[in-house]
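Have a look at the structure below before the remarks.
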Amino acid sequence: MILTHRYKVSLNRASTLQRSIPSPELRQHYPSRIELLEGAVRPAIQAQLENAPLRLINTSTGRLCNRDAQINAFMENTEYKELLYSSVMHGPLQMNHIQEALAYYFSWVMLSHRWETKEPLLHDVHDKVIYDLDPVGTVVKLQKFCKVARNAGYRWAWSDTCCIDQNNSVDLQESVNSMFVWYHYSALTIIYLSDLPPSSKSGALANSIWNTRGWTVQEFLAPTNVLFYQANWTLYLDDRSRNHKESVSIMQELEDATGINAGALVAFRPGMGSAREKLRWASPRVTTLQEDIAYSLFGIFGVHLPVIYGEKRHNALGRLLQEIIAHSGDISALDW
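Note that full-length UniProt numbering has the sequence shown beginning at 1, numbered continuously upward.
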């Protein structure tokens with residue numbers, strides 16, 4: 001209903017477009033064509049956003065947007081007006097054209113990084129322009145990330161620091177259980193290596209503290225396209241390819257550092273298979289909250305479980321192992 005209301009509001013704004021249509025006959029049929037487009041676009045938007053994060057940063061405006069705000073931004077954008085015009089001027093609607101336009105507009109970039117002290121949280125950026133915040137400390141990281149995503153042509157960006165309400169248990173529950181999917185369906189994941197100085201040589205990635213953190217396992221395995229950035233936001237090894245998962249040297253370095261085979265690094269599929277091996281990927285890693293060593297593996301195993309901070313590490317791992325054995329029958333997972 002919210003979408004329908006906003007759509008009708010956008011129709012009022014499109015009156016100029018209607019007047020610009022040269023043919024009186026086409027102008028006469030404009031309202032019916034709009035109704036037809038509405039019926040096609042509304043479910044297509046919902047489908048496009050099904051695997052998207054709950055909140056995203058608009059890299060053009062620097063504002064944090066919930067789902068409704070994202071849709072409203074689309075209704076006011078050039079891409080939507082072009083769909084309106086095309087639906088009137090070029091006959092029957094082409095669903096593939098609509099889907100391509102929506103996929104382009106709503107594509108998003110994810111950030112993978114190591115948390116530092118005093119990261120900007122949701123309440124720090126709510127109703128504010130991120131680019132206008134004082135450029136101090138970790139705010140600079142967030143601003144640079146959004147600018148890099150924007151300059152690469154992406155309208156939406158996500159950071160776990162400010163796009164999750166850490167004080168809302170429902171929000172946290174959904175985010176933890178959906179994060180693998182969000183990374184997987186992202187157009188790009190930017191991996192920021194804050195401890196790698198400019199012009200780092202091959203081998204530096206293996207020694208980055210990013211490689212020691214628990215959450216970064218799924219943040220690398222889930223996405224299809226990734227780019228590594230050094231501390232000054234230049235590309236690692238000056239590798240300007242579109243996807244560092246296609247770099248043989250970088251993948252070999254990562255395989256040596258993590259013990260994760262190259263096949264999984266490049267094209268990982270979540271599931272219960274090779275449970276013991278996957279658990280060993282995480283065993284040497286550390287998390288700020290002890291339960292996260294288990295929660296960070298939910299997406300890797302493709303499970304959805306309650307998030308209960310305060311239950312302690314052994315209880316969180318116990319629930320995960322119980323789920324793995326119940327679904328796979330692989331008791332070797334107990335010895336990892």
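For each residue, glycine too, the CB sits at the ideal point set by N, CA and C.
Computed from a predicted structure; not experimentally measured.
Start and end residues, beta strand (DSSP E) containing residue i
i	result
Trp-108	108–112
Phe-228	226–229
Asn-315	Element bounds for Asn-315: not the beta strand (DSSP E) but the alpha helix (DSSP H), 313–328.
Asn-58	55–58
Asn-207	Counting along the chain, Asn-207 falls outside any beta strand (DSSP E), and DSSP gives it neither H nor E.
Ala-333	Per DSSP, Ala-333 belongs to no beta strand (DSSP E) and is neither H nor E.
Trp-215	Segment: none, Trp-215 is in no beta strand (DSSP E) and carries neither H nor E.
Trp-156	156–158
Residue i versus the options, residue with shortest Cα-Cα distance
i	options	result
Gly-263	Leu-221, Tyr-80, Ala-73 and Ile-164	Leu-221
Glu-116	Glu-174, Asn-168 and Thr-161	Thr-161
Leu-297	Met-272, Asn-168 and Ile-250	Met-272
Ala-152	Leu-121, Asp-68 and Asn-243	Asn-243
residue 346	Arg-280, Gln-46 and Ser-178	Missing from the structure shown is residue 346; the chain here goes from 1 to 336 and no further.
Gly-62	Phe-301, Asp-256, Ser-86 and Ala-149	Ala-149
Arg-280	Leu-172, Leu-321 and Ser-241	Leu-321
Lys-312	His-327, Ala-40, Ala-294 and Ser-328	Ala-294
Gln-48	Asp-238, Tyr-185 and Gly-39	Tyr-185
Leu-237	Gly-203, Asn-211 and Asp-256	Gly-203
Met-95	Glu-38, Gly-310, Trp-336 and Asp-239	Glu-38
Ser-60	Ser-208, Ile-209 and Lys-144	Lys-144
Ser-247	Val-266, Leu-193, Asp-256 and Thr-189	Val-266
Lys-118	Asn-207, Leu-64 and Lys-141	Lys-141
Start-to-end residues for the alpha helix (DSSP H) that takes in residue i
i	result
Tyr-183	169–184
Cys-146	138–151
Tyr-295	292–295
Trp-281	275–282
Ala-52	It is not in any alpha helix (DSSP H) - Ala-52 carries neither H nor E in the DSSP assignment.
Arg-67	67–75
Ile-164	Counting along the chain, Ile-164 falls outside any alpha helix (DSSP H), and DSSP gives it neither H nor E.
Ala-262	262–267
Ala-187	It is not in any alpha helix (DSSP H) - Ala-187 carries neither H nor E in the DSSP assignment.
Ala-222	Here Ala-222 belongs to no alpha helix (DSSP H), and DSSP marks it neither H nor E.
Ile-300	298–301
Leu-122	122–125
Thr-288	Here Thr-288 belongs to no alpha helix (DSSP H), and DSSP marks it neither H nor E.
Ile-130	That residue, Ile-130, is in no alpha helix (DSSP H); it is neither H nor E in DSSP.
Met-272	Here Met-272 belongs to no alpha helix (DSSP H), and DSSP marks it neither H nor E.
Glu-255	248–258
Contact check, residue i vs residue j, beta carbons under 7 Å
i	j	result
Glu-291	Ala-316	yes
Lys-245	Val-226	yes
Ile-260	Phe-228	no
Glu-253	Leu-205	yes
Ala-157	Val-125	no
Pro-120	Tyr-183	no
Leu-122	Val-307	no
Pro-198	Asn-177	no
Ile-325	Ile-331	yes
Glu-79	Ala-101	yes
Ala-282	Asn-211	no
Arg-114	Ile-250	no
Whole-Å CB distance - residue i paired with residue j, under 8 Å assumed
i	j	result
Asn-58	Arg-155	7 Å
Ser-112	Thr-216	6 Å
Gln-218	Leu-196	The pair is not a contact, with the Cβ atoms about 21 Å apart (cut-off 8 Å).
Cys-163	Pro-270	That pair is no contact at about 22 Å.
Gln-70	Leu-56	6 Å
Arg-285	Leu-305	The pair is not a contact, with the Cβ atoms about 19 Å apart (cut-off 8 Å).
Ile-98	Ala-40	6 Å
Tyr-105	Asn-66	The pair is not a contact, with the Cβ atoms about 16 Å apart (cut-off 8 Å).
Met-179	Gly-299	6 Å
Residue-level contact to chain B via CB, residue i, 7 Å cutoff
i	result
Tyr-104	Going by chain labels, chain B is absent from the structure shown, which holds only one protein chain.
Does the region 168–184 come close enough to the region 134–143 to have 3 or more Cβ pairs within less than 8 Å?
-> In short, these stretches do not touch, since the Cβ pair count stays below three.
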